[in-house]
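The sequence shown: position 185 = 202 (our numbering), numbered continuously. The beta carbon of each residue, even a glycine, is placed where N, CA and C say it ideally should be.
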Amino acid sequence: MESKTATQSVRDNNQRAREALPFSDQTDFQNATKGYIGKCKPNIINNAAGDVVWDNDAYNFLQLDDAPDTVNPSLWRQAKLCQLDGLFQVTDGIYQVRGLDLSNTTFIEGDEGLIIIDVLTCVETAAAALKLYREHRGKDRQIKAIIYTHCHADHFGGVKGFVTEEEVQQNDIKIMAPEGFLEHAIAENVFAGTAMSRRASYMYGAALPRGPKGQVSAGLGQSVPTGTVTLIAPNDDIKTTGEERVVDGVKMVFQMAPDTEAPAEMLIYFPQFKALCAAEDATHTFHNILTLRGAVVRDSHNWSKYITETIDLFGHKSDVVFASHHWPTWGTQNVVDFLSTQRDLYAYVHDQTLRFLNKGYTGPEIAEMITLPPALEEAWSARGYYGSLSHNVKAIYQRYMGWFDGNPAHLWEHPPVERAKRYVRLAGGADQVVFHAREAFEKGDFRWAAEILNHVVFADANNATAKALLADTYEQLGYGAENGTWRNFYISGAVELRSGKFGAPTTTASKDIAGQLTPEMLFDSLAIKIDGPKAWGEKLAIDVVLGDVDMRYRLWLSNGVLLYTTARQDGGADVTISGNKRQLCALAVLGLDPGALRRVGLEIDGDDAVLGRLGRLLDMGDANFNMVTP
Numbered sequence: 018m019e020s021k022t023a024t025q026s027v028r029d030n031n032q033r034a035r036e037a038l039p040f041s042d043q044t045d046f047q048n049a050t051k052g053y054i055g056k057c058k059p060n061i062i063n064n065a066a067g068d069v070v071w072d073n074d075a076y077n078f079l080q081l082d083d084a085p086d087t088v089n090p091s092l093w094r095q096a097k098l099c100q101l102d103g104l105f106q107v108t109d110g111i112y113q114v115r116g117l118d119l120s121n122t123t124f125i126e127g128d129e130g131l132i133i134i135d136v137l138t139c140v141e142t143a144a145a146a147l148k149l150y151r152e153h154r155g156k157d158r159q160i161k162a163i164i165y166t167h168c169h170a171d172h173f174g175g176v177k178g179f180v181t182e183e184e185v186q187q188n189d190i191k192i193m194a195p196e197g198f199l200e201h202a203i204a205e206n207v208f209a210g211t212a213m214s215r216r217a218s219y220m221y222g223a224a225l226p227r228g229p230k231g232q233v234s235a236g237l238g239q240s241v242p243t244g245t246v247t248l249i250a251p252n253d254d255i256k257t258t259g260e261e262r263v264v265d266g267v268k269m270v271f272q273m274a275p276d277t278e279a280p281a282e283m284l285i286y287f288p289q290f291k292a293l294c295a296a297e298d299a300t301h302t303f304h305n306i307l308t309l310r311g312a313v314v315r316d317s318h319n320w321s322k323y324i325t326e327t328i329d330l331f332g333h334k335s336d337v338v339f340a341s342h343h344w345p346t347w348g349t350q351n352v353v354d355f356l357s358t359q360r361d362l363y364a365y366v367h368d369q370t371l372r373f374l375n376k377g378y379t380g381p382e383i384a385e386m387i388t389l390p391p392a393l394e395e396a397w398s399a400r401g402y403y404g405s406l407s408h409n410v411k412a413i414y415q416r417y418m419g420w421f422d423g424n425p426a427h428l429w430e431h432p433p434v435e436r437a438k439r440y441v442r443l444a445g446g447a448d449q450v451v452f453h454a455r456e457a458f459e460k461g462d463f464r465w466a467a468e469i470l471n472h473v474v475f476a477d478a479n480n481a482t483a484k485a486l487l488a489d490t491y492e493q494l495g496y497g498a499e500n501g502t503w504r505n506f507y508i509s510g511a512v513e514l515r516s517g518k519f520g521a522p523t524t525t526a527s528k529d530i531a532g533q534l535t536p537e538m539l540f541d542s543l544a545i546k547i548d549g550p551k552a553w554g555e556k557l558a559i560d561v562v563l564g565d566v567d568m569r570y571r572l573w574l575s576n577g578v579l580l581y582t583t584a585r586q587d588g589g590a591d592v593t594i595s596g597n598k599r600q601l602c603a604l605a606v607l608g609l610d611p612g613a614l615r616r617v618g619l620e621i622d623g624d625d626a627v628l629g630r631l632g633r634l635l636d637m638g639d640a641n642f643n644m645v646t647p
């Protein structure tokens with residue numbers, strides 16, 4: 018079914034945004050094009066099989082100056098900035114490749130070699146970025162160090178597009194990361210990775226056509242590539258603020274910023290270049306306090322405090338600040354002003370949320386009550402293109418107060434389908450709800466139309482009239498959204514209501530990530546897959562012996578829970594698996610098939626059938642679960 022045009026209500030709202038914001042300010046466009054050297058032509062990147070994993074040229078429709086009626090003009094402006102791609106000089110000795118991925122990769126030229134900061138999401142885009150750099154800066158410089166600023170996949174997943182594990186070992190290449198990086202990088206992708214990937218497909222608009230009625234940007238960058246995610250473990254952990262490293266003549270001073278944009282994150286100052294890498298803690302958007310794909314709620318109070326420390330440590334001696342997304346800011350006062358705006362933004366929203374929270378207001382109420390100060394409201398770098406004032410306020414409330422708002426009526430509600438059936442019955446049937454939803458739609462009250470139509474669809478997923486109108490409603494909400502991820506969520510919902518589910522085109526799960534699991538993480542990842550009711554009556558015991566780390570584990574089932582311990586247990590195991598830590602990680606990829614495990618070198622003694630029994634208890638999840646239907 019074809020996309021619809023924007024209603025008059027949406028066109029009017031978008032026009033009001035056009036009139037309210039300082040579109041005459043071209044500073045960001047000047048900064049985003051400054052230092053341009055060259056680009057990939059075409060900017061279409063394929064994997065080894067020939068499949069397209071990245072296509073920035075699909076966004077060439079953004080070359081139109083004026084936003085069409087179907088795109089919020091503020092988001093259109095941000096999308097135009099994010100589409101600008103190529104190799105750029107940040108300052109003498111520092112170069113960035115932008116627009117080949119959601120994130121940036123930065124090249125620091127030392128005496129003879131290169132230091133790479135953040136390596137993009139996947140091998141294919143990383144290799145293209147390195148090729149682009151070498152085309153313009155020469156092929157002589159060898160990589161001396163790679164730095165992961167934080168533990169999100171778009172900053173480490175492309176590492177093997179730059180170096181192999183063998184090269185790291187043979188050439189003594191430093192792989193630097195903040196303390197806790199590996200634990201958090203793996204845990205986020207393994208434990209809840211299936212659900213996160215499905216929701217991320219909505220958040221980034223992965224299955225949407227690129228265009229004025231589809232995906233135009235994710236706000237932080239254009240989208241996420243669909244290539245091969247890799248990981249090489251760090252060999253140099255940075256632990257404290259003020260730590261220094263000198264690599265190939267380049268001095269680096271680190272600032273730790275844990276529990277900000279990521280659980281493990283750090284910023285880097287380069288004294289000889291008077292340049293500050295802000296990682297992802299200061300970008301040209303209001304970032305997420307809680308990402309829509311799902312994650313642990315972030316600490317906006319902490320975030321603001323660390324930016325204050327950044328200004329104190331480095332702001333007044335920096336000529337330029339660059340980040341893992343977007344474009345740099347030049348000039349010491351401009352650097353301080355930019356960082357101060359970001360600091361004030363996270364602090365203001367945090368503090369005002371707590372102020373209203375302590376008056377008894379709930380997250381949804383506070384989200385409608387807070388207004389930013391004029392200086393923040395008018396700052397392009399504080400606009401909600403990736404995070405939003407609305408969902409960030411709710412996230413802050415959630416961090417402090419949890420899911421329950423204190424109203425007993427909300428303590429034990431019916432689940433969505435049962436609640437929907439009761440609402441529809443109370444309203445006099447589906448036809449009555451659809452009638453009122455159509456009235457709301459015509460008046461431009463799309464929020465209400467979406468809420469009540471969602472009840473009809475959850476009460477009866479086969480109601481074609483309700484689904485069609487709900488799809489139209491989501492589409493209009495998307496057309497009016499300033500936030501790139503909101504737009505993608507709404508239009509993805511519309512597409513699935515019209516055409517069916519599209520799955521999870523983007524995923525960060527990979528063999529490399531699985532290969533870095535600790536034994537404890539591996540056992541935990543198995544435990545969360547146990548189908549509890551099936552396992553209620555099961556009894557089994559498995560010993561795992563790892564000779565390389567001199568560890569012995571006992572795994573057993575109790576009341577539907579898979580448990581493990583290193584304490585010696587009474588009684589023998591039904592089966593014993595012996596090998597080394599790397600071989601054991603094969604379980605994450607191969608499952609519990611005894612033959613497959615033996616082929617990777619593991620020894621299995623005892624009753625093979627026990628592994629089969631455990632394997633049949635595993636529920637591997639569903640990467641294509643319903644989002645907009647029950």
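Cβ-Cβ separation, residue j to residue i (assumed contact under 8 Å), whole Å
{"i": "Val99", "j": "Gln239", "result": "The amino acid at residue 99 is misidentified as Val; the sequence shows Cys. Yes, Cys99 and Gln239 are in contact; Cβ-Cβ is about 5 Å, under 8 Å."}
{"i": "Val606", "j": "Ile559", "result": "That belief does not hold up - the Cβ atoms of Val606 and Ile559 are roughly 18 Å apart, past 8 Å."}
{"i": "Asn30", "j": "Pro90", "result": "Not confirmed; about 10 Å, so no contact."}
{"i": "Leu572", "j": "Leu579", "result": "6 Å"}
{"i": "Ala466", "j": "Phe458", "result": "5 Å"}
{"i": "Ala12", "j": "Arg315", "result": "Nothing in the structure corresponds to residue 12, since the chain is present only between 18 and 647."}
{"i": "Gly623", "j": "Ala590", "result": "7 Å"}
{"i": "Leu673", "j": "Ala483", "result": "The requested residue 673 does not occur in the structure, where the chain is confined to residues 18 to 647."}
{"i": "Tyr402", "j": "Thr87", "result": "Their Cβ separation, rounded to whole angstroms, is 17 Å, which puts Tyr402 and Thr87 out of contact at 8 Å."}
{"i": "Ser341", "j": "Ala292", "result": "So it is not a contact: roughly 14 Å between Cβ atoms."}
{"i": "Gly377", "j": "Gln415", "result": "Wrong, their Cβ atoms sit about 16 Å apart, outside the cutoff."}
{"i": "Ala274", "j": "Val338", "result": "The pair is not a contact, with the Cβ atoms about 14 Å apart (cut-off 8 Å)."}
{"i": "His367", "j": "Ile413", "result": "6 Å"}
Own chain partners of residue i with C-beta closer than 7 Å, once the 5 adjacent residues on each side are dropped
{"i": "Trp553", "result": "Asn576 and Gly577"}
{"i": "Arg436", "result": "Glu430"}
{"i": "Ile621", "result": "Val592, Ile594, Pro611, Leu614 and Arg615"}
{"i": "Ala264", "result": "Note that residue 264 is Val in the sequence shown here, rather than Ala. Once the five neighbours on either side are set aside, the close Cβ partners of Val264 are Gly127, Ile132, Lys161, Ala162 and Lys191."}
Other residues of its chain near residue i: CB distance less than 8 Å, five sequence neighbours each side excluded
{"i": "Val207", "result": "Ala526, Ile530, Ala531, Leu534, Met538, Ser542 and Ala605"}
{"i": "Arg8", "result": "Absent from the structure is residue 8, since the part of the chain shown begins at 18 and ends at 647."}
{"i": "Leu514", "result": "Val474, Lys484, Ala485, Leu487, Ala488, Tyr491, Val645 and Thr646"}
Residues that DSSP places opposite residue i in a beta bridge
{"i": "Tyr286", "result": "Val270 and Leu293"}
{"i": "Tyr112", "result": "Gln106 and Phe124"}
{"i": "Phe339", "result": "Cys294"}
{"i": "Gly596", "result": "Leu563"}
{"i": "Val263", "result": "Lys268"}
{"i": "Gly623", "result": "Val592"}
{"i": "Arg569", "result": "Val562"}
{"i": "Trp71", "result": "Ile62"}
Residue i beta carbon near the ligand ADP (any heavy atom closer than 7 Å)
{"i": "Ala295", "result": "The model depicted lacks the ligand ADP and carries no ligand whatsoever."}
6 Å Cβ shell around residue i - same chain, five flanking residues per side excluded
{"i": "Asp625", "result": "Pro611"}
{"i": "Lys97", "result": "Leu79"}
{"i": "Asn480", "result": "Ala447 and Val473"}
{"i": "Pro550", "result": "none"}
{"i": "Leu634", "result": "Ile547, Asp548, Lys551 and Ala552"}
{"i": "Ala1", "result": "With the chain covering 18 to 647 only, the question about residue 1 has no answer from this structure."}
{"i": "Ala204", "result": "none"}
{"i": "Asn252", "result": "Ile192"}
{"i": "Val270", "result": "Glu261 and Tyr286"}
Problem - Given 8 Å, three or more beta-carbon pairs between the stretch 227 to 241 and the stretch 253 to 270 - result: no
Exercise for the section: Inspect the CB distances between the stretch 383 to 400 and the stretch 211 to 230 and report whether three or more fall short of 8 Å. Expected result: No: fewer than three Cβ pairs fall under 8 Å.
Practice task
Examine the Cβ distances between the stretch 173 to 181 and the stretch 136 to 156 and report whether three or more of them are shorter than 8 Å.
Solution key: Segments in contact, yes.
Exercise for the section: Report yes or no: do three or more beta-carbon pairs, one from the stretch 154 to 162 and one from the stretch 124 to 132, lie closer than 8 Å? Expected result: yes
Problem - Three or more C-beta pairs below 8 Å linking the stretch 441 to 448 and the stretch 394 to 406 - result: no
Practice task
Specify whether the stretch 118 to 125 and the stretch 409 to 420 touch according to this definition: at least 3 beta carbon pairs, one from each stretch, less than 8 Å apart.
Solution key: no
Problem - Validate contact between the stretch 477 to 491 and the stretch 195 to 204 using beta carbons, cut 8 Å, 3 pairs - result: no
Practice task
Spell out a yes or no on whether the stretch 293 to 305 and the stretch 352 to 364 are touching, meaning 3 or more CB-CB pairs, one atom from each, closer than 8 Å.
Solution key: yes
Exercise for the section: Mind the definition here: the stretch 323 to 334 touches the stretch 106 to 114 only if three or more C-beta pairs lie below 8 Å; say whether that holds. Expected result: Fewer than three beta-carbon pairs drawn from the stretch 323 to 334 and the stretch 106 to 114 are found closer than 8 Å, and the two stretches are therefore not classed as touching.
Practice task
Please go through the stretch 206 to 250 and give each complete alpha helix (DSSP H) segment of 4 or more residues, from N-terminal end onward.
Solution key: 210 to 220
Exercise for the section: Give, in chain order, every unbroken run of the alpha helix (DSSP H) that is at least 4 residues long and sits entirely within the stretch 135 to 166. Expected result: 140 to 154
Practice task
Would you check if there are 3 or more beta carbon pairs closer than 8 Å linking the stretch 44 to 51 to the stretch 336 to 355?
Solution key: yes
Problem - Contiguous beta strand (DSSP E) assignments of at least 3 residues, all confined to the stretch 495 to 565 - result: Listed in chain order, the complete beta strand (DSSP E) runs (minimum 3 residues) inside the stretch 495 to 565 are 558 to 563.
Practice task
Would you mind listing the alpha helix (DSSP H) stretches within the stretch 409 to 446 that are 4+ residues and don't spill past its ends, in chain order?
Solution key: With a minimum length of 4 residues, the continuous alpha helix (DSSP H) runs that stay inside the stretch 409 to 446 are 433 to 443.
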